[in-house]
Amino acid sequence: MRECGVGVARIGEFAWALMEPKEGTFDFSLFDRAIAALAKHDIKIIFGTPTATPPKWLTQKYPEVLYVFADRQIANDQSRRHYNYNSPVYRRLSKRIVTALLSYYKDNPHIIGWQIDNEFNNENPEAWSESDRIAFRVWLKAKYQTLDNLNRRWGTIFWSQLYTDWSQVDLPFKTGALHNPSLMLDYRRFISDSVESYLQDQIEIIRRYRPRDFITQNGVFRNIDYYRLSRNTDLHSAANYPLFSDDPQYSTGASLTGHRSYVGRFMIMEQQTGAGGQTYLLRSPRPGEMRLWTFQSIAHGADGIIHFRWRSAQRGIEQYWQGVLDQDNVPRTRYNEFKHEGAEINKIGAEIFDSKIISDIAVLRDFDNEWAFEHQFLTSEVRVPTVYGDFFRAASEQKHNLDFINGGMDFNRYKIIFAPFQLLMDEQLAAKMKAYVAQGGTLIMSAHSGVKDRDNAMTDQTIPIMGLKELFGVEVDSYHAYQPPSRGKNSIKFTDGAEIPVNVFAEHLKTGNAKVIAAWERDFLQGIPAATENRYGGGKAVYYGSFFNLDSARYLLARYAKECNLIPLFVNLPREIEVTRRTRGKNHYYFILNHKNESVMVNIGSGFYDLLEEKVSPADITISPFGYRVLRKSD
Amino acid sequence: MRECGVGVARIGEFAWALMEPKEGTFDFSLFDRAIAALAKHDIKIIFGTPTATPPKWLTQKYPEVLYVFADRQIANDQSRRHYNYNSPVYRRLSKRIVTALLSYYKDNPHIIGWQIDNEFNNENPEAWSESDRIAFRVWLKAKYQTLDNLNRRWGTIFWSQLYTDWSQVDLPFKTGALHNPSLMLDYRRFISDSVESYLQDQIEIIRRYRPRDFITQNGVFRNIDYYRLSRNTDLHSAANYPLFSDDPQYSTGASLTGHRSYVGRFMIMEQQTGAGGQTYLLRSPRPGEMRLWTFQSIAHGADGIIHFRWRSAQRGIEQYWQGVLDQDNVPRTRYNEFKHEGAEINKIGAEIFDSKIISDIAVLRDFDNEWAFEHQFLTSEVRVPTVYGDFFRAASEQKHNLDFINGGMDFNRYKIIFAPFQLLMDEQLAAKMKAYVAQGGTLIMSAHSGVKDRDNAMTDQTIPIMGLKELFGVEVDSYHAYQPPSRGKNSIKFTDGAEIPVNVFAEHLKTGNAKVIAAWERDFLQGIPAATENRYGGGKAVYYGSFFNLDSARYLLARYAKECNLIPLFVNLPREIEVTRRTRGKNHYYFILNHKNESVMVNIGSGFYDLLEEKVSPADITISPFGYRVLRKSD
Amino acid sequence: MRECGVGVARIGEFAWALMEPKEGTFDFSLFDRAIAALAKHDIKIIFGTPTATPPKWLTQKYPEVLYVFADRQIANDQSRRHYNYNSPVYRRLSKRIVTALLSYYKDNPHIIGWQIDNEFNNENPEAWSESDRIAFRVWLKAKYQTLDNLNRRWGTIFWSQLYTDWSQVDLPFKTGALHNPSLMLDYRRFISDSVESYLQDQIEIIRRYRPRDFITQNGVFRNIDYYRLSRNTDLHSAANYPLFSDDPQYSTGASLTGHRSYVGRFMIMEQQTGAGGQTYLLRSPRPGEMRLWTFQSIAHGADGIIHFRWRSAQRGIEQYWQGVLDQDNVPRTRYNEFKHEGAEINKIGAEIFDSKIISDIAVLRDFDNEWAFEHQFLTSEVRVPTVYGDFFRAASEQKHNLDFINGGMDFNRYKIIFAPFQLLMDEQLAAKMKAYVAQGGTLIMSAHSGVKDRDNAMTDQTIPIMGLKELFGVEVDSYHAYQPPSRGKNSIKFTDGAEIPVNVFAEHLKTGNAKVIAAWERDFLQGIPAATENRYGGGKAVYYGSFFNLDSARYLLARYAKECNLIPLFVNLPREIEVTRRTRGKNHYYFILNHKNESVMVNIGSGFYDLLEEKVSPADITISPFGYRVLRKSD
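Protein chains in written order, with numbering that gives the first Met the number 0: chain A, 0 to 634; chain B, 0 to 634; chain C, 0 to 634.
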């Protein structure tokens with residue numbers, strides 16, 4: 000490892016059975032030896048708390064801790080993550096092992112950070128146990144105080160659903176008809192809050208014993224609002240396995256943009272090294288791809304990279320998850336690439352570390368909206384996260400940095416904000432949008448926004464609700480849904496001649512003060528306003544009468560970037576060349592990444608210093624297949 | 000509502016929790032106010048009994064009432080229709096609330112009819128609870144009297160299935176092999192009878208308190224024989240949401256033909272008004288479509304139309320089910336269309352009301368056959384109800400009225416009867432078929448008819464059984480099944496040159512007295528008789544050696560309509576122009592409906608009075624997109 | 000039956016409810032009558048023990064015998080095979096009925112053989128009951144002796160799976176993550192051993208009472224290692240329903256090759272007669288196909304043929320499973336074909352009986368490997384059994400006899416052995432492979448072989464492990480997986496110019512002593528060795544760096560058959576003409592089968608005697624559609 004330049008290793012994240020072989024008996028000797036061996040080579044430790052994998056004695060003695068599936072089957076314990084977050088027993092035993100671990104290592108100088116548990120919600124993303132049921136009622140009572148409130152805000156008068164006792168409120172178990180949207184949204188919020196509460200137990204213990212270490216958790220999975228979950232952690236970390244996608248350039252870039260958004264700092268806890276697989280098998284990275292992906296992570300802001308894993312496992316379900324070394328311990332291509340990468344990172348790491356991506360453009364994300372759409376999906380054609388990817392791709396193609404943000408963050412750092420699927424609205428967000436535009440921002444919102452309140456309920460107001468009619472100078476007369484495949488069934492024709500295919504929703508807009516910038520092209524909606532602009536204070540509020548898609552993301556981003564005089568990081572680079580820029584002070588670090596399996600010649604102009612080559616870069620450079628450059632330019 | 004010409008409203012169908020907020024405590028005050036408000040504007044009431052949605056106190060206290068799924072999961076009660084029909088507790092509590100409701104409103108002058116429960120079997124179409132299990136044994140005992148009878152008629156000697164005690168007979172729960180066809184058919188009959196028995200409880204209460212009101216139920220769902228279920232009701236009612244289909248012209252027409260057939264009278268309890276959706280979202284009707292569909296319902300015999308719903312709901316899972324008004328209560332396009340429609344209906348209603356569709360052609364339906372095919376489906380290519388739609392479409396294209404009938408109805412009103420999929424035969428039906436043909440009728444039966452008895456068992460007779468060999472003058476030497484897609488694999492060539500593609504079954508016919516009118520065109524069956532005609536008494540019995548499809552429906556309907564000198568309602572009208580005729584006494588009412596999104600010019604000849612325009616109609620008329628005419632002509 | 004030449008009938012296999020109508024009361028009178036009636040016409044009996052279908056009194060009184068599904072639902076008992084093999088009660092009651100049956104018929108002269116139970120694992124192929132759970136622990140304890148052994152060999156340190164008590168080991172019930180591969184493989188072995196143990200109970204009873212009768216079981220289903228299961232039986236028997244496949248020529252031939260391999264002798268217990276179906280319906284055989292399939296069975300070594308069934312059933316789920324006679328008992332085409340076939344078999348039977356297929360080529364099969372791949376399937380493109388079919392097809396096209404063998408059999412009878420998917424390796428098999436090649440054999444092994452040990456665990460050795468590197472003179476540097484569809488993404492180019500498309504795996508080979516005979520054609524692997532030959536002692540070990548497919552089977556079989564001077568049975572026959580040869584002493588029996596629905600003229604040369612025509616065959620013969628010849632040639 001040292002030979003490869005490794006400076007940090009993660010250990011311990013699944014080792015509860017070793018650490019507590021019998022209930023209440025602790026043994027950390029393996030980790031003492033491991034830390035000592037690593038320390039000898041100056042390798043620091045990120046320690047994983049082992050709570051993702053309860054020992055057999057635990058699940059056997061306390062079966063109430065087990066995860067329960069939606070069909071009420073109890074999860075078999077020959078696995079991982081088969082626990083439920085709300086089990087009081089599991090909470091108690093988790094705190095005990097973490098306390099034992101922290102108190103044992105409270106003074107160890109080699110540990111620098113802690114990963115709590117591993118991959119929350121990967122295998123247990125829902126809540127169906129008896130403990131969950133009890134906790135759900137407690138959670139609802141805390142939120143609504145009285146059943147009358149809950150009944151009113153959920154609209155339980157519909158279908159005789161009026162609860163007369165808290166014990167009647169239940170998890171949304173299988174039933175013949177479809178569940179109440181307000182119940183379903185609260186159910187997902189409850190799951191997310193359950194994870195957060197479980198996480199908080201361990202944060203408190205770690206802070207108590209080792210207040211200087213950083214704390215993170217690992218991964219992005221269903222039914223967690225990572226903006227909330229990450230609040231009390233120091234950085235976000237996640238796995239990066241580009242080959243779960245067929246189009247890794249953009250899908251990985253969008254994921255990394257997400258990782259960066261939650262806390263503002265992130266690291267990659269598991270960077271793909273070779274082929275991956277459990278029962279399935281993903282393709283192997285081509286020569287050079289592994290290093291490219293590592294640099295893509297750094298390009299998007301990662302301040303740490305750990306590869307998964309060092310040596311491939313002989314036994315267990317991750318035999319096909321290839322590490323740096325094969326099971327036979329013979330160094331081969333992956334080892335050589337890893338060593339090469341390690342040398343490069345050690346060359347540039349200190350300088351790049353903690354530099355930041357600065358973006359003029361943001362896309363507003365909101366887990367409430369994603370969850371509302373997961374239940375009332377409306378159409379098989381649209382999944383909310385896809386549109387974030389569309390905007391990432393459009394910005395990447397046009398060589399702009401891009402951020403994802405959520406409603407709680409500072410809007411004023413951005414020149415342009417895209418607001419897709421703002422189905423759920425509240426007075427606070429509406430006011431923030433108004434203030435943003437009033438102060439000069441450009442806000443571009445999609446169809447079917449401002450439709451419901453945060454209870455997932457429609458109101459008696461005309462859409463868009465809560466003052467957005469005033470902001471956008473437009474109201475929705477009616478919406479029409481084209482069934483999938485909707486593309487080609489209608490389109491939005493802009494006054495500049497551009498024509499963007501409809502994406503499911505076609506709204507019939509009734510303009511107030513807004514200026515019509517596009518109309519429906521065909522069908523009974525022909526000529527009816529489809530997109531509008533409204534001057535509001537110093538800025539502009541743009542309403543787009545369909546769901547966003549890649550076409551509209553490309554068009555709108557180009558249109559408003561130009562209008563706002565945004566300068567691309569580079570011009571005339573082909574699509575397969577991805578660029579990002581990190582900045583610290585007056586130094587800008589440009590990452591130029593070749594995602595193509597061919598050499599590409601590009602002209603980047605003058606004034607760049609090549610950090611890997613350690614010399615001034617020529618203007619014309621040739622980037623090898625899956626190659627990259629890290630360039631510095633100063634103000 | 001009054002402004003829109005509304006004369007009747009439906010209320011109450013999901014309101015048990017309001018009517019009986021605590022067990023045994025009743026409160027109808029909301030309905031008092033609602034009825035008074037509506038009465039002030041001369042709007043009459045159809046009252047829905049609230050038993051589709053048990054209150055929370057009920058399901059909490061008596062969990063045995065809950066519906067159980069096939070996998071034995073108990074239905075969650077945060078829903079609707081989560082009860083089982085055979086629960087003694089639910090039967091008792093249902094009777095109590097309905098008795099309370101009826102006795103409270105026994106003298107109310109504004110109520111004119113009752114809808115019992117709502118959408119039987121929509122979410123609870125099967126029977127898997129302990130109460131169902133007990134009731135199934137009682138039902139079987141009543142039918143078979145002795146286990147020996149049951150064992151013999153089900154053939155339980157096969158696979159050692161012989162029951163030696165009634166308690167061994169069970170619902171067809173999941174098992175490794177496939178269930179006995181006789182058991183499966185009785186299971187579906189039992190479900191249907193369970194619903195009917197549940198319905199009958201409420202009918203008796205309503206008749207006792209309000210003998211003059213009409214009684215109906217709402218909807219068509221799985222596992223109910225509506226010919227039996229409707230016996231003791233006054234009319235059939237159903238929802239009409241054409242946009243669940245991609246081809247609403249014909250699918251809706253066929254559904255309406257079905258609705259008309261059960262009792263002979265029907266109304267639409269829920270006419271589609273706008274877009275519909277729960278978690279999904281159907282497309283919105285185009286301008287004019289809503290009114291067209293309303294008139295299509297009337298054209299097919301509806302004597303009442305209620306739109307669903309007045310105002311769209313803010314909360315609950317039907318937020319996307321659009322009413323006349325949006326949630327913001329602003330009158331828009333749908334309101335205007337509804338008002339237009341109301342004025343038109345009020346103009347023609349009194350005259351059209353209770354006029355009847357008179358048809359020369361009928362298609363024989365039989366729920367036993369549909370159910371037998373649901374278990375032993377034989378091929379993924381054919382679903383029995385599809386063929387009814389094919390005949391409806393063929394008749395509609397050729398501008399003939401068409402009825403669906405079942406075996407218990409009068410055959411002699413028809414010149415031509417099509418008998419598809421008469422898999423199950425009994426002596427009574429066979430005799431009725433013979434008598435019908437003997438008296439001059441033309442009967443056209445498909446392949447794989449007269450194969451089994453009503454126990455869903457084959458017999459030791461040669462097919463077709465029970466004397467049908469004599470009627471058709473033909474027997475089946477063997478049948479051969481072409482796997483899907485079967486179209487193109489063989490065809491039936493008629494002596495007049497017509498060639499109809501095979502539909503799964505290819506029967507090798509052995510003719511007795513019958514005359515061969517078509518032979519197989521290809522393959523090892525080439526030249527073998529495929530369709531025959533047999534003179535029998537004054538009529539003709541036609542045997543068709545494949546399943547019917549749209550091609551054969553079109554051909555056979557044209558051939559025998561011509562042979563029987565049936566006159567189309569109109570000639571030379573394009574396909575998208577649907578026509579029907581209702582008749583009372585010497586007055587005939589022609590409905591001409593344009594299902595095309597374009598204006599259509601047609602020549603209808605002279606002698607028609609236009610009821611909506613209130614003037615004599617010209618012979619050449621132009622019907623606007625989705626437009627319609629209602630014309631009177633007298634004998 | 001006698002008229003059709005029937006000599007043997009099978010009876011009794013589902014008749015437990017008749018034989019033991021009450022617990023402990025036995026009644027075989029029906030079978031006395033049946034045997035007497037058959038005996039009068041000189042028809043011998045194969046008696047089926049009735050344990051596939053427990054009577055109702057049994058499952059009602061002892062519900063613990065019932066099969067349990069993976070979701071823990073208990074199988075409903077209105078079916079067949081709804082028992083679990085490890086139930087002590089079921090074992091006891093099975094032994095009692097079989098003992099009663101055998102002791103009753105211990106001296107009956109008409110019975111010649113016994114079929115035990117029917118279609119093991121058809122509907123109960125897994126093990127999820129409480130009895131199974133207990134038995135699994137017993138089985139594991141017998142295998143591993145100590146938990147330490149089990150923990151080490153399964154690698155339960157992974158994910159904190161360390162068992163500290165035998166009662167913690169469980170069946171692989173549903174869980175969130177994927178199960179341990181070692182657990183999953185042992186689970187399948189346990190299922191197979193459970194069936195074998197259940198079978199053994201009955202074998203012992205039959206041997207005790209009727210030591211001279213032959214014993215078989217019927218069928219091939221999931222999760223049984225038939226090489227082990229058949230060890231104590233006298234012959235293998237199975238059903239032959241070619242129409243479950245769309246391509247019956249090759250799929251049936253491959254199945255029959257499998258049947259022959261298990262014990263070395265086999266018969267067809269259920270030969271398809273007409274259409275088959277339960278809820279579905281297969282196509283009917285064309286005229287002549289039934290007889291062709293019977294002769295195909297004999298051609299591949301069947302020494303007995305029983306058709307299923309004599310008369311089609313009126314009741315129960317097999318109504319559509321056509322027998323020789325229809326339900327109406329009228330002799331038709333199937334009867335006539337059956338009679339024709341019976342006469343032919345009786346003409347040649349005595350001479351053909353017990354002659355053997357002798358092959359120079361074998362394909363190595365291994366149920367462990369199939370099971371390992373069933374869990375860790377790696378790719379949706381490959382299923383292990385498919386490749387056996389590919390080799391059968393290649394050999395059949397090139398007119399060679401072919402055997403399937405397993406690792407326990409004699410290798411030295413073969414000139415060429417193909418070894419596909421030898422994922423799991425052990426020292427014994429590796430040594431046997433070496434000895435085979437050393438003594439002059441040609442062994443051709445596919446990619447991803449010699450990767451794991453028999454615990455389904457990888458080792459610390461370089462692949463291929465256990466000395467196979469030495470045998471093949473090659474080691475695997477790395478493997479790369481092309482995602483499906485992989486065809487076309489790369490190919491293996493042989494030095495003779497042949498080019499074979501990749502099938503998922505592309506191995507980067509590092510040659511030791513081996514000679515490179517092919518290299519990768521494209522992509523980053525271009526030019527890297529892809530197939531090698533290694534002289535080892537007197538023979539040759541060929542390593543093929545991808546999974547086998549039909550292309551490689553054709554190429555490699557042709558290449559090495561030529562190199563080994565193997566002579567095809569015939570040359571210049573078209574593909575649709577299948578040929579096999581059975582041999583006894585100096586007599587060779589050639590079967591020539593026309594699978595084409597057209598007459599085919601072929602030249603077979605001189606020296607053949609036509610057994611069916613009873614005359615010397617001309618060299619030029621015309622075989623009618625679905626026709627066949629049985630020819631004798633002597634050394």
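Built from N, CA and C at the ideal position, the CB exists for glycine as well.
Alpha-carbon to alpha-carbon, residue j and residue i
i	j	result
F119 (chain B)	R136 (chain B)	22 Å
Y226 (chain B)	K492 (chain A)	54 Å
I204 (chain C)	G11 (chain A)	56 Å
Q318 (chain A)	I462 (chain C)	14 Å
G537 (chain A)	G439 (chain A)	4 Å
K488 (chain A)	V501 (chain A)	7 Å
I45 (chain A)	N217 (chain A)	12 Å
V615 (chain B)	H40 (chain B)	34 Å
Bridge partner(s) assigned by DSSP for residue i
i	result
A530 (chain C)	C:A517, C:Y543
P20 (chain B)	None; P20 (chain B) has no bridge partner.
F73 (chain B)	The sequence given here places Ile at residue 73 (chain B); Phe does not occur at that position. According to DSSP, which records beta bridges pairwise, I73 (chain B) is partnered with B:V67.
G538 (chain A)	A:Y535
R364 (chain B)	B:N405
Check whether residue i and residue j have beta carbons under 8 Å apart
i	j	result
A434 (chain C)	M465 (chain C)	no
S236 (chain B)	Q114 (chain B)	yes
Distance between beta carbons of residue j and residue i, contact taken as under 8 Å
i	j	result
L549 (chain A)	R392 (chain A)	6 Å
R79 (chain A)	F13 (chain A)	7 Å
Y627 (chain C)	L592 (chain C)	5 Å
(message) Suppose only complete runs of 4+ residues qualify. What are the alpha helix (DSSP H) ranges in the region 84-127 of chain A, listed by chain order?
(response) 87-103
(request) Within the region 450-491 of chain A, note down every full alpha helix (DSSP H) run reaching 4 residues or more, in order along the chain. (result) 467-471
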